[in-house]
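Per the numbering used here, residue 4 is the first one in the sequence shown, and the count goes up by one each step.
Okay, so here's the structure we're looking at.
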Amino acid sequence: MGNGKLKEIAKGGVLAALYVVLTMLIAPLAYGPFQIRISEMFNHMIDFNKRYIWALTLGCFISNLQSPLGPVDTIIGTIGTLLTGVLIYVINKNIHSLKKKLVVSTLVPSFIGMLPVAMELHYLQHVPFWATYASTVVGELISLLIGVFLVLALSKRMDLTK
């Protein structure tokens, strides 16, 4: 395995670990009908490099091992994160404007990624689907909008594509 490949794996590992740490720090807010999982802001990293799809998926998987919804959330939530990450990447593949990419990586997880979350909560906790969908979308938007500002500032200081 070459040095470049090891660096890629290490960068992905660091992002996955950051996702888990941030989720665990605010664990009561990271699960449930109204959630603000601040670690979701890392979805914007996919705008810079597709390797972060796997990093986010791994971080989500590890975080969801602690979910009050149990194994269902570990499976459904992780698959949802993977599919959302792939969708962000596919849509943004031919977009060259960072600001437009950030719009995509804000809207896709918020409006598409929260559908399986709301369905899980509806079926497992018997909460109203549409109200839960709306509240999870709002929480996701909050996390991702915070992430937009952080990623923009970070991208001015370093090349996130490498």
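Cβ atoms here follow ideal geometry from the backbone N, Cα and C, with glycine treated the same way.
- Residue 68 sits in coil when the DSSP states are folded into three classes, being neither helix nor strand.
- With respect to the C-alpha of residue 76, the residue from 22, 62, 120 having the closest C-alpha is 120.
- In the DSSP assignment, residue 144 falls within the alpha helix (DSSP H) that extends over 132–160.
- In this chain, the alpha helix (DSSP H) harbouring residue 11 covers 6–28.
- By the 16-neighbour rule on beta-carbons within 10 angstroms, residue 5 is exposed.
- Distances from the CA of residue 86 to each of 134, 57, 24, 158 were compared; the closest alpha carbon is that of 57.
- Around the beta carbon of residue 7, fewer than 16 other beta carbons lie within 10 angstroms, which makes this residue exposed.
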